[in-house]
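Chains as they are written, first to last, in the numbering used here: chain B, 1 to 264; chain E, 265 to 535.
Idealized CB from N, CA, C, for every residue including glycine.
Quick caveat, the model's predicted, so the values are computed rather than measured.
Please read the structure below before turning to the comments.
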């Protein structure tokens with residue numbers, strides 16, 4: 001365990017040095033993310049120009065939700081995104097060979113090769129938006145709320161990880177897997193909507209099979225809708241995340257058995 | 265003339281075969297493409313639940329569903345997915361040298377590949393689109409006038425030209441910049457919100473709507489769909505098509521101009 005922590009610390013340090021070598025690129029990527037985020041806020045403005053409430057959610061509650069989504073997804077992107085996005089390329093070119101020979105668990109090795117610090121800055125923008133929205137709601141979260149919030153965020157990151165890792169693993173079966181990156185963004189696109197809008201069979205799918213609706217809704221509700229009991233949502237999110245993480249591990253072991261080590 | 269046609273038909277064929285090699289990529293891309301549409305439908309259903317009149321900016325629920333279904337269809341038909349990345353890659357890695365030696369126009373070559381990919385993609389997607397339209401059939405109304413189909417065809421073709429030339433022009437920046445993905449994503453984010461992808465543009469406040477009407481992005485998606493829904497007719501249709509043609513011509517000139525400037529700086533990396 002200590003060895004893994006030491007490796008991770010070194011990776012983080014190297015990533016930071018690398019990013020500081022490309023300062024302009026670092027700033028431009030932050031600008032890209034900021035524009036996307038502003039676009040989402042504009043979208044909410046347009047929606048609430050038409051109605052007062054959506055499925056019982058007011059404007060600033062939805063802004064909180066979008067801010068929370070930003071925090072969770074940017075933290076995920078900071079920690080894992082680039083690595084998982086590169087996995088199909090490792091498989092296609094056979095460079096996964098090298099990772100297999102490392103004296104650490106290969107899933108750990110491929111998932112943590114580098115960190116993206118620009119995303120951490122973007123996560124802070126999310127924190128700013130959530131704080132602002134909370135003040136517009138006239139709400140001051142208590143200690144218990146903040147503790148619960150902090151506890152469910154890692155669950156959300158894990159759910160993001162599990163979904164995208166499973167998609168990337170498909171590259172062991174299907175060679176060109178860019179469509180999976182696309183798939184990840186398409187899936188989490190709907191994570192920004194209030195959970196209450198989903199009904200029927202799709203509600204089941206997006207809650208249990210791919211728990212993308214809960215990851216932002218559960219923490220956002222803890223903060224912005226304290227009158228609803230959070231426990232049911234937390235229990236569901238925790239169970240669904242553990243299940244999909246376990247499924248991810250099984251999928252990874254199956255995928256490795258398929259690995260053909262191209263070109264060697 | 266015939267030789268030229270035959271040459272580009274061959275390019276078209278190569279593009280089609282290349283696409284079929286990665287057919288699974290293709291199919292999955294379209295399956296995942298449906299997910300946002302599902303989310304959108306649920307979101308707007310909730311929106312209409314909160315609206316007393318059942319109308320939002322002159323759309324009832326069925327019209328809005330039709331709007332989004334058509335947006336997805338036109339988007340799949342005309343939006344380039346990998347073209348700008350491939351072109352930029354060919355410039356950066358020097359792979360373009362091999363094409364410069366051939367008796368083809370690079371612009372025509374890329375356009376043929378784009379057309380082949382889009383048409384094939386749409387053809388493969390058609391059963392899926394038909395299925396979605398079948399599920400949503402109570403919300404779908406087809407145009408009443410035969411003329412609308414013609415106008416829709418024309419504006420979709422113009423939208424394709426704008427989208428392709430814009431993507432091509434952006435890719436040309438690779439002659440000057442090593443890394444163009446940030447630029448592409450910045451333009452893409454504007455495109456995403458201002459082309460009507462996320463919501464119909466008539467929901468925008470009026471001061472913005474005027475600006476959007478004269479800009480290029482609305483003509484990449486929103487305008488053809490409005491034509492199909494017969495929400496734009498008569499004089500407004502003629503004006504819209506003229507603006508659209510203007511943007512297509514501008515984007516074409518930009519694509520040609522940037523190519524001429526860029527090719528002088530081409531370094532043919534790696535050989």
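Beta-bridge partners of residue i, as assigned by DSSP
i: residue 323(E); result: 320(E)
Three-way DSSP call (helix, strand, coil) for residue i in this model
i: residue 440(E); result: coil
i: residue 54(B); result: strand
i: residue 483(E); result: helix
i: residue 137(B); result: helix
i: residue 370(E); result: helix
i: residue 297(E); result: helix
i: residue 201(B); result: helix
i: residue 541(E); result: For residue 541(E) there is no data in the structure shown, the boundaries of chain E being 265 and 535.
i: residue 534(E); result: coil
i: residue 102(B); result: coil
i: residue 268(E); result: helix
i: residue 228(B); result: coil
i: residue 401(E); result: helix
i: residue 22(B); result: coil
i: residue 253(B); result: helix
i: residue 112(B); result: coil
i: residue 95(B); result: coil
i: residue 212(B); result: coil
i: residue 462(E); result: coil
i: residue 126(B); result: helix
i: residue 260(B); result: coil
i: residue 15(B); result: helix
C-beta atoms of residue i and residue j nearer than 7 Å
i: residue 122(B); j: residue 74(B); result: yes
i: residue 293(E); j: residue 15(B); result: no
i: residue 116(B); j: residue 78(B); result: yes
i: residue 459(E); j: residue 492(E); result: no
i: residue 54(B); j: residue 311(E); result: yes
i: residue 142(B); j: residue 167(B); result: no
i: residue 283(E); j: residue 384(E); result: yes
i: residue 404(E); j: residue 307(E); result: no
i: residue 489(E); j: residue 423(E); result: no
i: residue 380(E); j: residue 279(E); result: yes
i: residue 349(E); j: residue 429(E); result: no
i: residue 303(E); j: residue 193(B); result: yes
i: residue 72(B); j: residue 44(B); result: no
i: residue 240(B); j: residue 64(B); result: no
i: residue 376(E); j: residue 486(E); result: no
i: residue 107(B); j: residue 66(B); result: no
i: residue 269(E); j: residue 186(B); result: no
i: residue 234(B); j: residue 210(B); result: no
i: residue 109(B); j: residue 102(B); result: yes
i: residue 247(B); j: residue 181(B); result: no
i: residue 132(B); j: residue 222(B); result: no
i: residue 352(E); j: residue 431(E); result: no
i: residue 238(B); j: residue 144(B); result: no
i: residue 425(E); j: residue 512(E); result: yes
i: residue 147(B); j: residue 245(B); result: no
The ligand NAD heavy atom lying under 6 Å from the CB of residue i
i: residue 43(B); result: Annotation note on the ligand NAD: not contained in the displayed structure, which lists no ligands.
Inset, instruction - Scan the segment 147 to 197 of chain B and note each continuous alpha helix (DSSP H) run of 4 residues or more that stays entirely inside, going in chain order. - result: 178 to 189
Inset, instruction - Name, going along the chain, the residues of the segment 45 to 58 of chain B whose beta-carbon falls closer than 8 Å to a beta-carbon of chain E. - result: Residues of the segment 45 to 58 of chain B with a C-beta atom less than 8 Å from some C-beta of chain E are 46, 47, 49, 50, 51, 52, 53, 54 and 55, listed in chain order.
Inset, instruction - Taking only runs that begin and end inside the segment 473 to 523 of chain E, name each unbroken alpha helix (DSSP H) of 4 or more residues, in chain order. - result: 486 to 492
Legend entry - Positions along the segment 171 to 205 of chain B whose CB lies within less than 8 Å of some CB in chain E: 174, 175, 176, 177, 178, 179, 180, 182, 183, 186, 187, 189, 190, 193, 194, 196, 197, 198, 199 and 202
Legend entry - Interface positions of the segment 25 to 39 of chain B facing chain E (Cβ-Cβ less than 8 Å), listed along the chain: 25, 28, 29, 31, 32, 35, 36 and 39
Legend entry - Residues from the segment 214 to 237 of chain B in contact with chain E, defined by Cβ distance under 8 Å: none
Inset, instruction - Pick out the complete alpha helix (DSSP H) segments inside the segment 324 to 395 of chain E, 4 residues or longer, and give them in chain order. - result: 325 to 342, 347 to 356 and 361 to 364
Legend entry - Short-range partners of chain B found in the segment 452 to 472 of chain E, where Cβ spacing is below 8 Å: 453, 454, 456, 457, 462, 463, 467, 468 and 469
Inset, instruction - Pull out every residue of the segment 298 to 316 of chain E whose Cβ sits closer than 8 Å to any Cβ of chain B, in chain order. - result: Those residues of the segment 298 to 316 of chain E placed with their C-beta closer than 8 Å to a C-beta in chain B are 299, 300, 302, 303, 306, 307, 309, 310, 311, 313, 314 and 315, ordered along the chain.
Inset, instruction - Report the residues of the segment 333 to 348 of chain E with a CB closer than 9 Å to any CB of chain B, ordered along the chain. - result: 345 and 346
Legend entry - Complete runs of the alpha helix (DSSP H) confined to the segment 34 to 92 of chain B [at least 4 residues]: 59 to 76
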